[in-house]
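Heads up: the sequence shown is residues 1170 to 1275, going by the numbering used here.
Cβ coordinates follow ideal geometry from the N, Cα and C atoms, glycine included.
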Amino acid sequence: MHKRRIFLRSISTFAVATAAGIPLSSLAALQKLDPKDPQAVSLGYTEDTTKADKKKYPNHTASQMCSNCQFYQTAQQEDGYAPCTIFAGKGVAAKGWCSAWTKKAA
Ligand code: SF4
């Protein structure tokens, strides 16, 4: 019963949004991660992988970027940004990088 109510509420939100001509994507606009955010700073996040701190992160290479990191939610990418599992709820740049970068499994 409870699940059914939630389902029906989701359907009505969809109906109202689409009837009003609001693209559903704008309902869930992704907030971009601020590179000055304390967690972003602690992991050396940059929106441009070529600008990563090479002294601090000697293992970084320019071919490492969010778009080929396993934490990047490619399916939800919009305008070059997508959510990252490490920075919950925030969008990171496809061309960005941070020290938590982990090669996406092929
Ligand atoms: Fe980008 Fe991966 Fe760091 Fe997330 S964990 S910011 S996707 S490099």
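- Message: Within a Cβ cutoff of 7 Å, which residues of the same chain sit near Thr1218, ignoring the five residues on either side of it in sequence?
- Response: Ala1231, Gln1233, Met1234, Lys1264, Gly1265 and Trp1266
- Query: Taking the continuous alpha helix (DSSP H) assigned at Ala1209, which residues delimit it?
  - Reply: Pro1207 to Ser1211
- Identify, in the order they occur along the chain, each residue of the same chain with its Cβ nearer than 6 Å to the Cβ of Phe1240, setting aside the five sequence neighbours on each side. Cys1253, Thr1254 and Ile1255
- Coarse secondary structure for Lys1220, derived from DSSP in three states: helix
- Message: So, at 6 Å on beta carbons, what are the nonlocal neighbours of Trp1270 in its own chain, with the 5 sequence-adjacent residues on each side left out?
- Response: Gln1233 and Cys1238
- Which residues share a DSSP beta bridge with Tyr1214? DSSP output for Tyr1214 lists no bridge partner at all.
- Roughly how many angstroms lie between the CA atoms of Ile1191 and Lys1205, to the nearest whole one? No answer about Ile1191 holds up, because its pLDDT of 47 lies below 50 and its placement is not dependable.
- Query: Say the cut is 7 Å; is the CB of Gly1249 nearer than that to a heavy atom of ligand 1?
  - Reply: no
- Helix, strand or coil for Gln1200 per DSSP? strand
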